[in-house]
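Down below is the structure, laid out as structure tokens.
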Ligand SMILES: Cc1ncc(C[n+]2csc(CCOP(=O)(O)OP(=O)(O)O)c2C)c(N)n1
Ligand SMILES: [Mg+2]
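Residue numbers (this note's numbering): 3 to 251.
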């Protein structure tokens, strides 16, 4: 006896395009290979779609040299691949690095900013690190330290641990996240000349200020340039410098 056709009996070739209603198509049904270049309109391309090969990313070391030259008496909190470069560029700095506790640089910077309200604190963060402790954006915005500038070195990868892609890669919009969390201001900078022009203002601006820096990979990582002062010793040294009357810049 012939049976009634069941949905599982339908073959793909039995389904005609005109049978498919827009409401039947779910976003997860669209495969990248289904999208043809001619389907993409210029207005569909968002800044976060720009691929690294389209723009020349800034060199982290150049950024750090500019920050070093203009930091004044600021305390700096480098982490991950900004750490070895910062050690070389600013060996006697008022700084304390964050390497053993991934994602802690911004919270460490917040504590320092609250403890030293008359001094600038500059966090030199990694994108993978910030993603790991994203809630720190809201914590910082809530505490609203006027003296904190949060620089994010956005390279799209966990460079220190072998350059694996971070979740979302370069599409993650940290500026929107920082603004959404409540930072007083948040900017993205792609070009070193633009950074040079804007840095003096950024260092004076009322915080918390967030600056997403589009960078390439640094020359060294904490894995290729091991060493440096252990964290507890860095804290002791920084405390001694800060408590000295007229702590040096
Ligand atoms: C909780 C935790 N998970 C993983 C690691 C291993 N780890 C060390 S460095 C690193 C990557 C850091 O990436 P990012 O913050 O983007 O800095 P970059 O190295 O790119 O400068 C990872 C995953 C860690 N240290 N702690
Ligand atoms: Mg990174």
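We treat Cβ as the ideally placed atom computed from N, Cα and C, and that holds for glycine.
- Cβ-Cβ distances below 7 Å link residue 210 to 142, 143, 146, 147, 150, 152, 185, 186 in the same chain, with the five nearest sequence neighbours on each side left out; the list follows chain order.
- The region 177-248 is shown to contain whole alpha helix (DSSP H) runs of 4 or more residues at 194-206, 233-245, in chain order.
- Burial of residue 95 is indicated by the presence of at least 16 other C-beta atoms within 10 angstroms of its C-beta.
- Taking the Cβ of residue 65 as the reference point, every heavy atom of ligand 2 lies at 7 Å or farther away.
- Between ligand 1 and residue 196, a heavy atom-to-CB distance of less than 7 Å is absent.
- In the DSSP secondary-structure assignment, residue 80 is bridged to 126.
- One Cα belongs to residue 165, the other to residue 158, and the distance between them is close to 9 Å.
- The Cβ neighbour count for residue 120, taken over all protein chains shown within 10 Å, is under 16; the residue is labelled exposed.
- Contact between residue 79 and residue 116 fails: their C-beta atoms lie close to 13 Å from each other, not under 8 Å.
- When distances are taken from the beta-carbon of residue 105 to the heavy atoms of ligand 2, even the shortest one reaches 7 Å or more.
- Cβ-Cβ distances below 6 Å link residue 140 to 183 in the same chain, with the five nearest sequence neighbours on each side left out; the list follows chain order.
- Exclusion of residue 216 from the 7 Å shell around ligand 1 follows from its C-beta lying no nearer than that to any non-hydrogen atom of the ligand.
- For residue 240, same chain residues with a beta-carbon under 8 Å away, outside a window of 5 residues either side, are 77, 96, 97, 98 in chain order.
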